[in-house]
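Data block below; observations after.
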Amino acid sequence: MLWYLLYPLRGTTQPPRLSANHPIRRGFYRHGRTTAQHWLVAMLVSIAVAMGFSYPTILLAENPTAGFARFPHHVWTTAKPLDGDPSRAEVEMRQVWVHGSHMKALEKDVLINALDIQQTLVGGEPLTSIVPSLNDKLRSSTLDWGFHSPLMYWNNSHEMIENDIDVLKTINEKARSTSSSLNVALRPASVFAGKKFQQSKLVAADALVITLMNKVQDGIGAQWRNRMTSLSTSCKGCTLFPPDGHVTRNRVYEFSIVPLSPKENFALSIAYCFMALYVLLSLRRLKAFHSRFGLVVTAITQMTFSILASFTICGMLNINLSMVPQNAYPFVVLVLGIENMFRIINAVETYSPTMATELRIANALGDVGPVSVATAAQNLAILSLLSRLVSPGVAAFCVFACIAAIFDAFFLLTFFVAVLNVDIRRFELQDALARANQSRQRRKPSPAYQHTWFDALVRGRLPFSTRMAGTAVTTAFVLVLNRHFFEPKDRPTSLRHLLQLIKNGPPMLDEFDTFAPPPMNASLTPGQWMRMQDFDTAKEVMRLAKPGADSFVVRVFAPLVVVLRNADRTDMDEEEAWSTALHSFAVHHFYPVAVVVVFGVAFVAVLMNFLLYTEHEDEPSIDGDEEQDAVKVATIALPHKLDIVKMFTSQRGSLVTAALDRTISITTLDASHRAQRIVSLSTKTLPTMHWPIHTMAIDDSCEWIACHCADDQIMIYCCAQEAFIDSPITYPDDNPSVLFRFVRLPSPEGSQLHFMVLTSGGRLATVNIDTKLSTVKRLESSSLLGAAVQEMSSQGRRLVVFTDQASIMAYSWTSGEWVQSVSQTLPVRTLYGRMTGAVRLEHTTELGPDICAVITSREVLFVDAQSFATFSRVHAEEHDGTINGIMLGQTTQCASCGSSAVRSIALVSEGASEEECTVSTLACKDAVLCLKTGDAACHSFERAQRTKQKIENAGAWSIVNSQAVLGLRKPGHQLINGIASSDCSTVRSRRTMRSKLQPDEGDAWEAFKLSVDGELETVQVSANDNLSSEQGNALYVSNAGPALAVDGQTIAVAFGNTVKIVTTTRRGSKVRRATGRTFERPLPEALVDPGGPPILRQPSLSSGSKFCLCVAVVQSLVALSGQPELRTTEVAAEKVTQTKTTNTALESTSTREGTTETAEQRPYWF
């Protein structure tokens, strides 16, 4: 709502998105990252705070030491002064306060003198003569008067008082079992003033309170008035206030206790049902199948803590919450709390599941944290304004809602963020979130106006549904509650009345304080005593006044204060210090507090055990140091008949492939990298294309494909309609493309899908897929070496281009066109002022949104993500080849300047041959490498040592964001006639039998993983992995590729007419490491699309078929003979050279562009 009010000033209703360098966003980012990294500490701190604030509400609410526990009940309660006709009073109440010496009202001489005063007022009737006829009178409503006195603990008897050995024990034992003549329990709070307790036991009191009540029409009040006047003469030596005993000051109040009506119960039930339905639908969209219950328990726990803590604070501030039924209080916390929770969850889901968990939490909190705080401040302001307009009871409700909103924000940023971090870390939840991002149901595209407003509201796609719902529902709920207090007999809620409330404020119960305190040292004023009376006492008094009624009107007289003769009122205690109170609380409540804390810790432990259960595998491992395979391989059979030569991916991992048989296939992968859907382009549309295809692109939803054909026409294909759009786009010029992708851009009608192609000649063609409008313009006059679309939280998406003049420029999408916003010169080596080779912009999730990497053919520059100012750079050595990408080690903070730092960085480059891979790792032995080198003590790349590794037979490989190189290659060792080399060790020689069972070298492949620290792991792969008999054997493959990264831990490798999916475990999992050796692992299950169409393939080579037949025969013989399978290790016949040098460079960070990537097999021909 705040952003709508600011629309005239800002020109938009969207909440502001702070830049990555904004101090507020950085503060939330750091808090989110710290909380995610130290989630256990954050959880325990929040639990300790919650238990500390909840304990008084849970265990001390009914404790007599707490005074008036004004917590809500199941009814409406009202106590308001009436300024109208005083004849409306139905009951009169008078009091006599009897004081002895200070805090010595329980001495026997004070009790005996008070009994004499009571007998003067009401006569010497013992309790036994009153109680027998009490019930009959109450049922018939014939009880005209009664009194309430502490002397009834001793049955109004001098003898019982004199014979009582322990007065305090008598009071504490009879506090709940003894009733007065009004049939009201003799609670210490109602018969004593200025009480002092110790461990819930009364130990002292300052005054005895005798209460006289009568019905107005019976005239008994006049008799009591005369008798109170006579005390000035009958009580010798006593001091009276007023001196003549004639009390005239009084106020008329209306007390009501109204239960919830059936309509109100029904309305509350409907409200809670709608809230539960909203939560269920929202949880269903999260796709967190195993963790829904955990998130619900977390939300309920957090809001319960917020409610209990708010009750405690309201009790400390003497805020009366008993006027509104208790059923209404959780609703406002649910509305405000659930809104904030789903805001954070949705923000986390917008980031890729492959990003590190703490960075997802940090970025999400940086995005929505400021908005959540601004929304909370807005809600506090609105509730504060409403508290000035509504009745006193609802005003207290608004104060409670404000306090609850503050506690809810605190627990949201600590407890909920910590639990959410643990929940996201679970492997199953990661897969579920990835499935939610990757799995898209195919639907026919339609204009935006065809979607109804209600459908968008239900799906949570309207700004109102996410930003205004909590405020609107809370405001409406407060106004509905306030409506109850305006009965038909009261004046209507007019504008004039509201203005009067703003001017004067609502009448509060503090009107009791209009009774002036007596001019003597009293530990409690009459107004304070009135506000200490509890709910049960009010109910019992109402039964006397009007049996069966919901309300009554009472005239309350100021008390008559009697100070006995020889009383010393000068010894007034000082206010108890906080240290003394805390010490007393620790002494008397240590055990229950300890029990509560232990219970809270145990509950959190059980909850964490539930959320983290799937991270603990119960299956025994085969090897002691092996807990998870480092590399897994799966096979996807595609409907191509010939080899795949073109392959492209989308940001969310979908594949589009083109083969030599001039067919195009689209593959959608699920979270476990299984082929969820395989679709081929219609055979009716393929002949309309001019082959060969130069490049292709696919959008994230797998609904649109763009193909650059041989006739320089860009054909855009709609998968839902199985047809191309009517008018193809002409390729802008004769230069190759540096950007060829789909991207969503904002527009007045909302986010719309666009297709963009930018050539190295600087010409840009853009097509709006929704409107089919296209534009072509010259973006830059210089030649371009690279381009990328950069995601910016504050500026949306930016187009970043690199020129051959070593310039980097950023363009912002403004009013439907790209406008240059940033320009910077890169400090790189040039040849005659010109830069050669491709240039890429990458973001590394480990380093957050502030730093990105610019990768050239010979250097890597770490630059500011906003201004592109260079922080540091590192270069490759001359014989390293062209840099293909970088890998980062563990990220941390520099101890000197506090900037981002890494423990190691690796430059991955291509060697002289296409299949050669060189990895140069830079690291310091006992220090981290600072990326910004903002201090002289920082360790830069100049002080790093370089370790180089070269893999001559790398095959098809690619770098993934999990900081590893994944690839598929021919094995480095060669088997000759099925017998291993003679110089092998004994361990290797035991593998001779198993070697004989392997396919020939044409079918022998292995997948490998090379980590940033140089550790190599492999797994053996068969060319015909689990292909069904209907699919036949795969094509003979001599060279695999192209290879592309699918997500942060998976690559796809074209393998003949199939695709091999190579997956590595998540970073930080325990895997068996290789140091100069490769480990043989059992063959994993391959992936085949069982629902795919029958596939025709070329026959395999005859020699391969004969060898496969021989292998099958040998395997059958081995199975019949019961020969066990041997698991051994072998030395990889791989040439790895290592050298150490000292490197000179500065530093940087990087990630892949999160968009369509391309690769092709060389040479490319059809």
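Residue 1 is where the sequence shown starts when you use the numbering used here, and the numbers rise one by one after that.
The beta-carbon is built from N, C-alpha and C at its ideal position, and this holds for glycine as well.
Nearest residue (CA-CA) to residue i, options the options
i      : options                          : result
Thr668 : Met689, Pro692, Glu703           : Glu703
Gln37  : Tyr832, Leu420, Met323, Ser269   : Leu420
Asp700 : Asp726, Ile716, Arg741, Leu931   : Arg741
Cys273 : Ser179, Leu334, Leu413           : Leu334
Gln963 : Thr1018, Ala1004, Gln890         : Gln890
Thr759 : Ile769, Thr1058, Ala637, Val801  : Val801
Val738 : Leu764, Glu722, Arg744, Thr814   : Leu764
Ile58  : Met792, Phe311, Val563           : Phe311
Thr34  : Thr357, Phe53, Val216, Phe342    : Thr357
Gly955 : Cys930, Glu1017, Pro1042, Ala944 : Pro1042
Ser682 : Ile424, Ile705, Arg969, Ser1038  : Ile705
Glu915 : Met887, Thr921, Gln893, Thr882   : Thr882
Ala114 : Asp770, Phe603, Ser149, Ser177   : Ser149
Ala853 : Val928, Gln949, Asn566, Val863   : Val863
Val91  : Ala1052, Lys196, Met835, Phe255  : Phe255
Ile698 : Trp691, Ile714, His690           : Ile714
Gly146 : Ser774, Val216, Phe197, Val41    : Val216
For residue i, the three-state DSSP class (helix, strand or coil)
i      : result
Glu942 : helix
Lys925 : coil
Gln651 : coil
Ile769 : coil
Cys314 : helix
Phe862 : strand
Tyr253 : strand
Ala299 : helix
Gln450 : Low confidence applies to Gln450: its pLDDT is 44, below 50, so where it sits in the model is not reliable, and the reading given next is rough at best. Residue state, collapsed to three classes: helix.
Tyr591 : helix
Leu462 : Low local confidence applies: a pLDDT of 47 at Leu462 is under 50, so the model's placement there is unreliable, and no value is given.
Ala175 : coil
Tyr811 : strand
Beta-carbon proximity of residue i to residue j, cut-off 7 Å
i       : j       : result
Ser665  : Thr657  : yes
Ser857  : Gly837  : yes
Ile644  : Ala1007 : no
Gly366  : Tyr29   : yes
Asp935  : Cys897  : yes
Leu560  : Met152  : no
Val348  : Ala364  : yes
Thr933  : Ser872  : yes
Leu779  : Gly762  : yes
Val633  : Val1021 : yes
Lys1236 : Asp661  : Residue coverage of the chain in this structure runs from 1 to 1166, which leaves residue 1236 outside it and unanswerable.
Ala205  : Ala105  : yes
Thr248  : Gln95   : no
Ile344  : Val371  : no
Asp1167 : Gly337  : Limits of the chain in this structure are 1 at one end and 1166 at the other, which puts residue 1167 out of reach.
Thr78   : Ser234  : no
Leu1176 : Ser54   : There is simply no residue 1176 to check, as the chain begins at 1 and stops at 1166 in what is shown.
Whole-angstrom C-beta distance between residue j and residue i, which should lie under 8 Å
i      : j       : result
Arg903 : Ala923  : 6 Å
Ile636 : Val1059 : 5 Å
Gln790 : Asn768  : The Cβ separation is near 21 Å, so there is no contact.
Val960 : Thr844  : The pair is not a contact, with the Cβ atoms about 12 Å apart (cut-off 8 Å).
Trp154 : Asp164  : 6 Å
Cys718 : Ile725  : 7 Å
Ala396 : Ile319  : 5 Å
Val874 : Ile905  : 7 Å
Thr695 : His708  : 5 Å
Ser807 : Thr825  : 6 Å
Item to complete: Enumerate, from N- to C-terminal direction, the unbroken beta strand (DSSP E) stretches of 3 or more residues contained entirely within the segment 705-737.
Response: 713-718
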